[in-house]
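To keep things clear, I will list the structure first and then write my remarks on it.
Number of protein chains: 4
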Amino acid sequence: MKIAVNTGGGDAPGLNAVIRAVTLAGLRRGWQIVGLRNGYRSLLDPATPLVTLDRKAVRGITMQGGTILGTANRGNPFEMPVQRPDGTWTTEDQSDRLVARFREEGIDALIAIGGDGSMKIAGRLIEKGIPVVGVPKTIDNDLPETDFTLGFDTAVSIATDAIDRIQTTAESHERVMVVEVMGRYAGWIALHAGLSASADAILIPEIPFDLESVAAKVRENEANGRHHSIIVVAEGAVERGGKVMVQGKAVGQAEQLGGIGAYVASRLGTLTGKETRHLVLGHLQRGGSPSTFDRLISLKCGAEAVRMVEEGAFNQLVILKGQETRRVPIPQIAGGMKKVPLDGDAICTARELGVSLGDG
Amino acid sequence: MKIAVNTGGGDAPGLNAVIRAVTLAGLRRGWQIVGLRNGYRSLLDPATPLVTLDRKAVRGITMQGGTILGTANRGNPFEMPVQRPDGTWTTEDQSDRLVARFREEGIDALIAIGGDGSMKIAGRLIEKGIPVVGVPKTIDNDLPETDFTLGFDTAVSIATDAIDRIQTTAESHERVMVVEVMGRYAGWIALHAGLSASADAILIPEIPFDLESVAAKVRENEANGRHHSIIVVAEGAVERGGKVMVQGKAVGQAEQLGGIGAYVASRLGTLTGKETRHLVLGHLQRGGSPSTFDRLISLKCGAEAVRMVEEGAFNQLVILKGQETRRVPIPQIAGGMKKVPLDGDAICTARELGVSLGDG
Amino acid sequence: MKIAVNTGGGDAPGLNAVIRAVTLAGLRRGWQIVGLRNGYRSLLDPATPLVTLDRKAVRGITMQGGTILGTANRGNPFEMPVQRPDGTWTTEDQSDRLVARFREEGIDALIAIGGDGSMKIAGRLIEKGIPVVGVPKTIDNDLPETDFTLGFDTAVSIATDAIDRIQTTAESHERVMVVEVMGRYAGWIALHAGLSASADAILIPEIPFDLESVAAKVRENEANGRHHSIIVVAEGAVERGGKVMVQGKAVGQAEQLGGIGAYVASRLGTLTGKETRHLVLGHLQRGGSPSTFDRLISLKCGAEAVRMVEEGAFNQLVILKGQETRRVPIPQIAGGMKKVPLDGDAICTARELGVSLGDG
Amino acid sequence: MKIAVNTGGGDAPGLNAVIRAVTLAGLRRGWQIVGLRNGYRSLLDPATPLVTLDRKAVRGITMQGGTILGTANRGNPFEMPVQRPDGTWTTEDQSDRLVARFREEGIDALIAIGGDGSMKIAGRLIEKGIPVVGVPKTIDNDLPETDFTLGFDTAVSIATDAIDRIQTTAESHERVMVVEVMGRYAGWIALHAGLSASADAILIPEIPFDLESVAAKVRENEANGRHHSIIVVAEGAVERGGKVMVQGKAVGQAEQLGGIGAYVASRLGTLTGKETRHLVLGHLQRGGSPSTFDRLISLKCGAEAVRMVEEGAFNQLVILKGQETRRVPIPQIAGGMKKVPLDGDAICTARELGVSLGDG
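Below, the structure written as C-alpha cells:
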C-alpha cells in the first residue's frame, strides 16, 4: 500500500500531529507513506518529488504548528490557476491529469486533511475514482456533526490569553478595548474566548448586533464601578438591520476603518464618550504549538484515518463525539455549517453571566 | 432564595469559574449567594461568618487557580474530627447540627462542588433534607458519565508542558527520563499527556506493566537512533503480577524508593544500562490558572447548577457530553469510576503510534 | 512618615511589583503609605480619597499586570485639562493647588513611577518643594543611563512569542509576514524580539530603511530555499530619504494604510510579488503578568526608592546597572533618549546573523 | 578557516542559539564550521564524523532547548573513562590524542561552550596548543565577572511559574509548600524565583538556615491571616551549625528523606503543626525553549566568540556587562564562584519585603 497525505487550506495547529499519526500507523502496517508538498499542484508537476514520510521525518512534529507539507491557498485541481500566453491568468480543470498522476505514482489512497473547500475537492476526486479519507480541519470549529475540530482549542486559547493581557491595561487606563477574533460565519472562537476571558460583550455572526445595546453594557459597567470594558468581536459579526457586513465581507464604513473591530471601537467611542482602542488578533490565532487538546484529537484522527483506509471506508470523514472518533460520509458534511446554537450552553451561560450579545 | 456554595476535596483549576457563574447567575435572579469558608466545618462553628458572594467578590476570578472559598481535607460532617479531653482525636457525626445550621442561616439550597467524596456527602445531606445540586470536580477525570471534568484539561496541559521541557534535556544527555503524574485509579492524565508529549511508554493503572517490555522499547529506540526515552507513569500504575502497588498505595520497594516513578526509573536503569532520571510533577498539576477549556466548562456547569436549583432539580449532578451540559442523579455516579477504556481511541492511538503501554 | 505613590503614563508590567515593594518596605519602617488613584487629578479633588496601601492591599500583586492605582493619560498638574463654561476645553496650571493638597494630606514625600513625561512633572514638583524620588518606567527601554527599564523584558517576550507563532503559519503558506511592534523613538523591542524570534529583517527608528534592501533579503531567502520571511518593524521606523514617518508620527501613505506595518507589507508585496500579511501587536505588548526579570527589577527599584526616601536622597531616580540599582539625578535623565547604539552588541549580532536592517 | 564547536556539561536553554550565531557568523566569513557530537569523545573516535554546521542545520534552533550537538557528562579528555580488560573502569589522559585529532581534522580553533568544568578543560587544551575561545554556560549563574549566564533567566522563569502555580493550591488547602530548586553552591535561582513568586522564605547556600526562624515566619503569616506559606530552598542550602549538608552534598537525615526540600518540609511540619508538602523541580528547570533574554545573550555571545577567533583573542571568555559583551581571560574565571552578595540588591530587597532568609 502507498498512501498520500495532503494538507489544504489555511494552516491550523494540529496538522503535524495528524501527519505523524498517519505516518506511524501506516509504517506499522508496512505501508509506504508520502506527502504532497504545498497541495495538489506539486503532483501535477512531475518534476516536484513527493515528500517521503518516514519515522525520522515526523519525529518531534506533534508539538509544531503549521504543516511540514506546506499548504496552498489556490490549489484546487478543478480550478487551477494557469497563466495565458499574454500574461493574464485563468483557471483550468486539471483534475484528470491529477488522477493520472496518482495512478502513475502508484498511490492507493489519499488522506485529505483540510477544511470545507478541501472536502469538496475530495468529494469530486472520489467521483473520479480516487479513494479518499477526510480529516476535517478548521480553526473556526464550524464543521457540522463534530464536537471539535483540530486547531480550534489552540485558537481559543491564544485569543483568551491575548484578552487576559488586554484586561490589565484596559483597567489601568479605564478604556474600552475591542478585540477582533477569527470566525467568518460562526462565532465559536469569539464566544469561547470571550467567556473564558470575562468579556463584557461578545458579538458573533449568529446574532446581529445593535451598538446601542453594547454601549448600554459599557455604561452599566461604569455605574457598577467597573470603568473598563472588553468587547470581543468575530470578524464576521454583522450590525443589526444595517448593511455594514455581508456574509463576513466588510463593506462600506467598516471597510474604510480597517475591519469590524475598528468600526465597533470607533462607534462605541462616539456612543459612550470613553477612550477606546481595538486590536486585531489575525494570524496569531493560527500559529504556534498546538494545545494538548488539539494534539490529542489530531493524533486520534490520524490513527483513525489509517484504520479507515485499511478497512476501505472511503468517502468518509473522521469526526469527534466527546473523546471518541466517529465516521460520517463526506457529502453529509460538505457545504454545511455548524453555527453556534442559540439555545446551547455557551450562549445560555453568556446570558447568565450578564455578557451582552449585542441584542439586549 | 438564599443559596450556599461549598468547594470540597483537593483544589482544581476551574473551581473559581464555577463560583463566579453561580454567583452571577444567582444574583441575576435576585437570589442571595453565600459561600462556606473551608468546607462544612465553618458552618458548624456559628462564630465563623459565611462568605458573601456578590459581584465584586467574583470579579476576575475565572482565571485564578484554587478556590476563593478554600477547601478542607477533613471536612466530612458525618465524620468530623474532634479532639477528646485527653488530647487524642476521634470522629463524630455532626450532620444533624449542620442541617440545623443550614436552617438557621435560611439557606434554601446547596451547590456542592467536589469529587467523589463530596458527592457521597451530598447524597447523605439530601437524605437529611438539604436540597443539593452537585458540580463534579476531579483532576483525574475518572468520574462516570461525563466526557470531561473540570481541572483535567489544565492538569494534562501542565504535564504535557513539563514533558515537552524534559524532552530536550533527555535528548541532549541521551537519558531515560521517567515522569510521574497524577492518576491514582485511572490513567487519563498519563495517557493524554504522554500522547501529547510524544512519550515512548505510558504506564497506567488499567494496564499492569511489565518492566522488561518497557526496557525493550528503550532498546528499540536505541536501535532506531533515538538515544533517549520518555516514560510517563501514573501514580497508581501497578507492576504486572507483582505486589508493588496495591490500589494506588505504594508498598514495598517502590515506597522505599520514594514512589512509583523512582521505582520505575531505578529498575529501568538496571535493565537497560542507560542513565536514568525521574521527576514527580505532584502539586504542579493542580495549580495555576485554568485552561480555556476548563474555564468554559466550569462556567457552563455553574450556570446550569443555578438553573437546576431554579427548577428544583435536586439530587442531581451536572455533567458534560461534548460541549453541552446534562444532568444525572447523584447516586448514579457515586462510587463509580471511569477507567480508561482499553478499546477507546486514546489507547488505540497509543498502540498505532508504537507507544509501549508496558504490556507488549 | 507618610509617603504617597503615583503611577503615571502608559501602564507597564511591573508597576504593581514596585507598589508592593514600596508598601512593604515602608510599613517595615512604620511609615504610612498611600496611593493616588489615577494620577494627580485625584489629589486635586478633595472628594477623592487616597488609596491606603497596607499589607492586604498589595498581597499577590507582584504577578499582576497593569497598576492597582490606575494611571491617567492627561494627568499633568501643570497642564490640567479643564472645561470652559461654553463646553470647550483648555488647560490650567493647577500645580500650586496640588502642592497645597500634598501639605494638607500630610504627605512627606512622593515616589513617582513613570516615564519621561512623569519625570519632567516630578522635576517641576521638586522645584515647588515636594520631595520626590523617581522610579523610571518605559516599555520602550529608551531611558538614558539605565541598562533596563521595567516592562521592557515582558514586552519583548510577548512580541517574541507572537513572532514565534507567526513563523509556522508564514512557513506553511510561504508568505512574507510583517509584524509591527512598539518603539516610537528607539528600536529596542523590535531589535530584541526580532533577534530572539529569528526575523529576517528588523526596521528601527535609528536606521532609516530602504524597502528595496528588505526586498533583496526576501529574494535571497527564496534563493536559499526559505520561502517565507518575517519582517519586524518598530512603529517609529522611517523610510530612508522619504517623508513617510516624522518622529514616530505616520504621515501620508503609511497613515492611509493604517500604520507603518501595513505600509511595509503593501510595498513589499509589490516589490517581491509574494503574498504578504501584516500584524500590529499594539496593546498586547503592555498587558499581562510581568516576566520574572521585570518582577525582580521592579521589586528592587521599589525597595531602593524607599531607602532613598529614608536617606533624603530626593530629586533622584533609581536605575539599573547589571543586577544592581544605582541613583542618578532626575534632571540628568529628563528629555534624554537612549537610542540603540549602532556599534553595540545587538546591532552587531544582527549583522553577523545576516539580518537585514534595511540599510544593505 | 575551520572552526569546531563543543557543548559540554549539563544542557542549558540557549546553547542552540550560541551554535546558530557561531555558524552564521562563521559562514559569513567563508569559514567552515563543524560541531563535536556529544563532546570530545566523538573526536577521539575517528569513526564518528564531525557534525557539519551549515545554514540548514541551524535553521529554527534559536527557540529550541537542549543542544543539537548533544553533551557528555563524562567527556573530560584528561580523564576519559576507559574499560579495563577485566570489565572494570578507570580513567586515562587522552588529551594528546585529542590534540592530534584536532590537527588531523584541520581545525584551526575551538569554541568551547560550557560550565566551570568545561572551562578548566579548555584552559588545559590551550596549554597544549589548541586555540580556544570560551562561552560560559551555567544555569546556576555562579560564574564570576559576568552579570548573567545563559540558561539562568529561563531556569528562574520556569521556577517562578511553578511557584506561582503552587501558590493557589497552597492557599486553598492552607498548607506550607516547600519547593526545591537548583543551586548547588550559589542561591541565585532560589533568590530570584523566590522573590518573583512572592515566597515567604528563601534558603540559599550563602546563608546557613535556622529552621526555627523559618517556622517563626510561618507563624507570623498565620497571625496576619495568611494561612499558607511558600518556602523556596536551593538544593545546596545548609542548616546552620548542623551537619545536614556539606558542599551541596546531602548527608544524614536529609539524604534519607530524599533531599533538602523533603527535609525542610518534614521539619517544618513538626515545628509548626501545619500540613506540609514539598516539590523538587529538578530537570524541569533546564528544559524547554529559552526565554527571550537567554536567546538574546546567547546570540550575542556566539557572534562575539567568532569575532574573537577572527581577532586571535584566544584563551578568553565572553561575558556580559549589562547588555554588552566583554572578554576576560579564562584563567581569571576558572575555579571561581560568584556567590550571591549579602549586601546586594537582591538580598536587601528580600529583607525589605519581609522574606525570611532563615537567619532571623
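Residue numbers (the working numbering), protein chains in the order written: chain A, 3 to 362; chain B, 3 to 362; chain C, 3 to 362; chain D, 3 to 362. Beta carbons: idealized from backbone N, C-alpha and C, even for Gly.
Spell out the partners DSSP gives residue i in its beta bridges.
i        : result
B/His280 : B/Val180
B/Ser231 : B/Val178
D/Lys323 : D/Glu326
B/Met82  : B/Glu94
D/Thr54  : D/Val36
D/Ser358 : D/Ala203
D/Lys302 : In the DSSP output, where bridge partners are listed per residue, D/Lys302 has none listed.
C/Leu112 : C/Ala6 and C/Val134
So which residues on chain B does residue i lean against when the C-beta distance must stay under 9 Å?
i        : result
A/Met65  : Thr162, Asp166, Gln169, Ser198, Ala199 and Ser200
A/Leu344 : None at all; the shortest Cβ gap to chain B is about 13 Å.
Could you tell me the alpha carbon to alpha carbon distance between residue i and residue j, rounded to whole angstroms?
i        : j        : result
B/Lys340 : B/Phe150 : 11 Å
C/Leu359 : C/Leu197 : 11 Å
B/Val158 : C/Arg105 : 56 Å
B/Ala217 : B/Ser231 : 10 Å
D/Arg99  : D/Glu129 : 14 Å
A/Ala252 : A/Leu152 : Note that A/Ala252 has pLDDT 48, beneath the 50 cutoff, so the model's placement of it is unreliable and the number below is only indicative. In a straight line, the C-alpha of A/Ala252 is about 27 Å away from that of A/Leu152.
D/Ser120 : A/Ile204 : 57 Å
A/Gly250 : C/Asn317 : Its pLDDT being 49, under 50, A/Gly250 is placed unreliably in this model, and the value from its coordinates should be taken loosely. Looking at the two C-alpha atoms, the distance is approximately 56 Å.
D/Glu313 : D/Trp33  : 14 Å
B/Asp95  : B/Arg86  : 14 Å
C/Gly11  : C/Leu17  : 11 Å
B/Gly227 : B/Thr73  : 49 Å
D/Gly243 : C/Ile115 : 44 Å
Under a three-way DSSP split, which group does residue i fall into?
i        : result
C/Trp91  : strand
B/Pro331 : strand
D/Leu344 : coil
A/Gln249 : Confidence is the limiting factor: at A/Gln249 the pLDDT is only 43, short of 50, which leaves the residue's position unreliable, though a coordinate-based value still follows. Looking at A/Gln249 - three-state DSSP - the assignment turns out to be coil, as it is neither helix nor strand.
B/Lys219 : helix
B/Asn317 : coil
B/Gln34  : strand
D/Thr162 : helix
B/Ile123 : helix
A/Leu152 : strand
B/Glu241 : strand
A/Ala236 : strand
Listing by chain order, which chain D residues have their CB less than 8 Å from the CB of residue i?
i        : result
B/Arg103 : Near B/Arg103 there are no residues of chain D at all, since even the closest Cβ is about 22 Å away, more than 8 Å.
Which residues in chain A have a C-beta closer than 7 Å to the C-beta of residue i? List them in chain order.
i        : result
B/Phe295 : Asp155 and Phe295
Could you work out which residues of chain B lie near residue i, taking near to mean beta carbons separated by less than 7 Å?
i        : result
A/Asn317 : The contacting residues do not exist; A/Asn317 stays about 21 Å from chain B at best.
Can you list the residues of chain C that residue i reaches, using a CB-CB cut of under 8 Å?
i        : result
D/Val308 : Glu354
Give me the chain A residues within the contact set of residue i, using Cβ-Cβ distance strictly less than 8 Å, ordered along the chain.
i       : result
C/Thr73 : Ser174 and His175
Using only alpha-carbon positions, find the residue among the options that is nearest to residue i.
i        : options                                   : result
A/Arg39  : A/Pro48, A/Ile332, A/Gln325 and A/Arg269  : A/Pro48
B/Arg177 : B/Gly271, B/Ile191 and B/Gly136           : B/Gly271
D/Leu344 : D/Asp361, D/Leu112, D/Glu306 and D/Leu286 : D/Asp361
D/Thr278 : D/Val342, D/Gly243, D/Val220 and D/Leu298 : D/Val220
B/Ser215 : B/Val357, B/Pro15 and B/Met310            : B/Val357
Against residue i, what residues of chain B qualify as contacts under a CB-to-CB distance less than 8 Å, listed in chain order?
i       : result
D/Asp13 : Thr170, Thr171, Ser174 and His175
Which residues of chain C have a Cβ atom closer than 7 Å to the Cβ of residue i, listed in chain order?
i        : result
D/Val158 : Thr294
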